[in-house]
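Those protein sequence lines, which keep their order, are chains G and W. Letter by letter, the first sequence follows residues 1 to 151 in the UniProt record's numbering. Letter by letter, the second sequence follows residues 1 to 151 in the UniProt record's numbering. Note that beta-carbon positions come from the ideal geometry of N, C-alpha and C, so glycine has one too. Remember, predicted model here, so these are calculated numbers, not experimental data. Report on the structure given below.
Protein chains: 2
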Amino acid sequence: MEGDGRLAAPVSGPLATSVCWLLGDAARELTQELERVLRKDDLRWRDYGVLVVLEAAGPLSQQEIGRRLSVDRSTMVHVIDVLEERGLVARARDAADRRAYSIRLTDSGRALLVDVLHPATEAVQERVLGGLAAEDRMHLNRVLAQLAAGR
Amino acid sequence: MEGDGRLAAPVSGPLATSVCWLLGDAARELTQELERVLRKDDLRWRDYGVLVVLEAAGPLSQQEIGRRLSVDRSTMVHVIDVLEERGLVARARDAADRRAYSIRLTDSGRALLVDVLHPATEAVQERVLGGLAAEDRMHLNRVLAQLAAGR
DNA sequence: CCATATCGTCAGTGTTGCTGACGATCGGAA
DNA sequence: TTCCGATCGTCAGCAACACTGACGATATGG
């Protein structure tokens with residue numbers, strides 16, 4: 001990922017009209033802000049992703065989590081290690097497939113998500129997108145969702 | 001950056017409604033595709049950025065380029081080294097500030113941009129955003145531009 | 001003329017994610 | 001059942017990467 005702390009100056013000229021750069025910039029800013037907030041709880045974007053996925057989908061194998069976040073399975077090992085050490089998730093052998101773990105959110109993990117993480121990221125989102133009209137935000141959401149669906 | 005080749009499965013549930021994840025996913029996909037295309041010319045997203053910035057703004061110092069792309073000045077040294085070796089940009093001492101270089105696009109660099117890179121990235125953008133109605137694309141562009149401006 | 005700051009450079013460093021192998025386990029075919 | 005290929009999690013090694021902190025050269029303000 002990028003260095004934080006540093007601000008990206010908006011690019012002028014023809015670039016400003018390219019969806020490509022605009023999208024990249026917006027995503028980078030949002031991600032940077034998010035990382036900054038999450039760092040207070042010693043978490044990364046990636047860790048937050050794991051918790052969110054588990055909250056949404058219930059217990060999953062390490063590999064399945066990685067698949068949904070574009071994280072390599074070998075990388076997931078350590079990510080889960082850390083999360084488990086902190087008591088946010090728990091490993092249990094999957095009864096149906098004993099090669100795999102069944103990773104689940106602990107109460108502690110769910111509490112962190114609900115009480116701290118979700119509010120914090122909500123705030124960031126609010127701040128970054130705050131300048132948009134409600135109508136535009138809904139539209140943005142709809143268009144992006146359509147983009148994600150059409151893959 | 002992320003590993004390429006790997007596909008990100010769309011996340012289901014509450015996440016799908018969060019602009020945050022949607023934006024991140026869209027940007028990641030676009031970036032990955034772009035990197036894949038640029039690799040044919042042995043270039044990275046970052047290199048392309050340098051060329052585009054120079055095309056848009058004219059000669060700049062290394063540090064100024066880095067500032068606009070969120071790239072550290074020490075990293076820029078090597079980026080420019082490679083681009084210069086390939087004859088795409090040229091270093092000249094800035095007459096007004098002899099500490100700094102004045103990096104400019106060569107004819108060769110401009111030609112590559114116009115003949116190869118721009119068409120290629122256009123195509124990617126077309127493919128990724130192709131599923132959207134023209135009206136939605138314009139709206140997306142407008143909203144993102146507004147977002148970039150309001151910083 | 002001196003102090004401080006900036007530009008580009010470079011060696012060293014720490015982090016990061018991937019590659020490729022491993023044992024264990026699963027699933028299907030013979 | 002037995003066998004074979006594929007998959008799960010793990011780990012050591014590796015390669016890429018960007019950042020840190022220092023340096024000489026230069027600029028700028030007192």
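Rounded to a whole number of angstroms, what is the C-alpha to C-alpha distance between residue i and residue j?
i	j	result
leucine 54 (chain G)	arginine 39 (chain G)	20 Å
leucine 140 (chain W)	leucine 140 (chain G)	6 Å
glutamate 126 (chain G)	tyrosine 101 (chain G)	36 Å
alanine 8 (chain W)	serine 70 (chain W)	Only weak support exists for where alanine 8 (chain W) lies, its pLDDT of 41 falling under 50; the value from the coordinates is given anyway. When rounded, the distance between both Cα atoms is 25 Å.
valine 77 (chain G)	valine 77 (chain W)	35 Å
valine 124 (chain W)	arginine 28 (chain W)	13 Å
leucine 132 (chain W)	serine 61 (chain G)	34 Å
glutamine 63 (chain W)	serine 108 (chain W)	23 Å
aspartate 97 (chain G)	glutamate 85 (chain G)	24 Å
glutamate 135 (chain W)	proline 119 (chain W)	22 Å
alanine 92 (chain G)	threonine 75 (chain G)	19 Å
arginine 99 (chain W)	glutamine 146 (chain W)	37 Å
isoleucine 80 (chain G)	valine 79 (chain W)	35 Å
Are the Cβ atoms of residue i and residue j separated by less than 8 Å?
i	j	result
leucine 129 (chain W)	arginine 137 (chain W)	yes
glutamate 37 (chain G)	threonine 121 (chain G)	The sequence as given places valine at residue 37 (chain G); glutamate does not occur at that position. Yes, these two residues count as a Cβ contact at 8 Å.
alanine 148 (chain G)	alanine 149 (chain W)	no
leucine 144 (chain W)	valine 19 (chain G)	yes
threonine 31 (chain G)	glycine 66 (chain W)	no
alanine 90 (chain G)	arginine 104 (chain G)	yes
leucine 83 (chain G)	aspartate 42 (chain G)	no
glutamate 35 (chain W)	arginine 44 (chain W)	yes
leucine 117 (chain G)	leucine 88 (chain G)	no
Which stretch, first to last residue, makes up the beta strand (DSSP E) that contains residue i?
i	result
valine 114 (chain G)	No beta strand (DSSP E) contains valine 114 (chain G), which DSSP labels as neither H nor E.
leucine 105 (chain W)	101-105
For residue i, count the other beta carbons within 10 Å of its own beta carbon; 16 or more makes it buried, fewer makes it exposed. Which is it?
i	result
glycine 49 (chain G)	buried
arginine 73 (chain W)	exposed
valine 52 (chain G)	buried
valine 114 (chain W)	exposed
glycine 3 (chain G)	Its pLDDT being 33, under 50, glycine 3 (chain G) is placed unreliably by the model, and nothing is read from it.
Provide the residue span of the alpha helix (DSSP H) that contains residue i, from first to last.
i	result
valine 89 (chain G)	Here valine 89 (chain G) belongs to no alpha helix (DSSP H); instead the beta strand (DSSP E) covers 89-93.
arginine 28 (chain G)	19-38
valine 82 (chain G)	73-85
aspartate 136 (chain G)	134-149
arginine 68 (chain W)	62-69
glycine 49 (chain G)	45-57
Using only CA atoms, which one of the options lies nearest to residue i?
i	options	result
alanine 57 (chain W)	W:Leu34, W:Asp115, W:Arg98 and W:Arg110	W:Arg110
aspartate 94 (chain W)	W:Pro59, W:Asp81 and W:Val79	W:Pro59
I'd like to confirm something about residue i: is its beta-carbon nearer than 7 Å to some heavy atom of the ligand FAD, or not?
i	result
arginine 91 (chain W)	This structure lacks the ligand FAD, and indeed carries no ligand of any kind.
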